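Residue numbers (my numbering): 82 to 334. As structure tokens, the structure follows; a few thoughts come after it.
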């Protein structure tokens with residue numbers, strides 16, 4: 082078992098998660114939610130420091146096979162969810178770590194279940210991060226990792242193919258281009274463009290920009306995290322139809 086290469090992937094994942102939390106700080110600043118900022122700052126620093134230490138693990142053997150890939154994927158989701166739950170705990174919005182972990186796992190796995198009795202009690206920055214876990218989990222963090230981090234032997238398969246096979250559901254995994262890195266980039270480009278189109282369609286017809294963004298995140302991940310107690314019942318029929326259509330589009334292979 083090549084534990085060092087697994088540690089390197091965990092380091093990459095943690096540093097990515099820290100970077101992904103930065104927009105939540107800007108949301109907190111925009112809405113003057115200063116009490117939420119320390120929770121994100123502390124979590125980001127933890128992700129970056131621990132992630133950098135793991136990333137710098139010296140490797141004598143860069144080989145990765147099915148067992149390393151499956152462990153990397155399983156451990157990656159656990160670590161991602163554990164650190165992703167810290168802002169809720171530190172801020173006090175979900176003080177119980179088990180509850181916060183459940184909420185975050187539900188987000189990253191796009192399950193959509195929630196322990197929150199009244200989601201409207203969360204700050205906008207927490208709602209943003211909660212919905213963003215859906216968006217990121219909808220494509221898989223390791224697929225994103227393959228899109229931006231150079232990997233060895235990706236042209237012939239190698240570690241990239243092993244990770245994608247472990248990450249993706251279904252009996253088989255194929256490539257649209259000669260390299261998996263380019264395939265992952267194409268997939269994320271489609272994902273991002275569709276998300277932007279939905280945000281625009283919701284915003285130009287009267288939905289507030291913040292609502293348009295976070296609801297599009299929940300739609301893209303097909304998990305359905307909402308920001309209101311009645312989900313989307315209080316929005317117009319047109320907006321409900323836009324969300325419904327994009328739910329179907331995002332669910333297609």
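All residues carry an ideal CB built from backbone N, CA and C; glycine is no exception. Keep in mind that this is a model prediction, so the values were computed, not measured.
Environment of residue i [buried if 16+ CB atoms lie within 10 Å]
i	result
residue 319	exposed
residue 326	exposed
residue 208	buried
residue 198	exposed
residue 168	buried
residue 288	buried
residue 182	buried
residue 201	exposed
residue 166	buried
residue 84	exposed
residue 155	exposed
residue 178	exposed
residue 79	Since the displayed the chain opens at 82 and closes at 334, residue 79 lies outside it and no answer follows.
residue 233	Below a pLDDT of 50, predicted positions are generally treated as unreliable, and residue 233, at 48, falls in that range; no measurement from the model is reported.
residue 265	buried
From the options, residue whose alpha carbon lies closest to that of residue i
i	options	result
residue 172	106, 216, 187, 111	106
residue 118	271, 206, 293	206
residue 277	264, 126, 291	291
residue 86	275, 321, 211, 157	157
residue 297	316, 215, 221, 262	215
residue 203	268, 164, 109	109
residue 126	155, 306, 164	164
residue 308	317, 301, 293	293
residue 189	84, 312, 211	211
residue 99	162, 263, 174	162
residue 101	313, 128, 90, 91	128
Contact set for residue i: own chain, Cβ-Cβ below 7 Å, skip 5 residues either direction
i	result
residue 303	191, 219, 328, 331, 332
residue 187	193, 194, 195
residue 88	135, 138
residue 185	162, 165, 166, 214
Contacting residues, own chain, Cβ-Cβ under 8 Å from residue i (five flanking each side not counted)
i	result
residue 323	279, 282, 283, 286
residue 82	148, 149, 152
residue 301	215, 216, 219, 272, 275, 276, 279, 327, 331
6 Å CB neighbourhood of residue i in its chain, flanking five on each side removed
i	result
residue 237	In this predicted model, residue 237 has a pLDDT of only 43, less than 50, meaning its place in the structure is not dependable; the value taken from the coordinates is given anyway. Cβ neighbours of residue 237 beyond the five flanking positions: none.
residue 213	298
residue 272	220
residue 120	168, 171, 172
Touching by the beta-carbon criterion (3+ pairs, under 8 Å), the stretch 95 to 112 and the stretch 124 to 136:
yes
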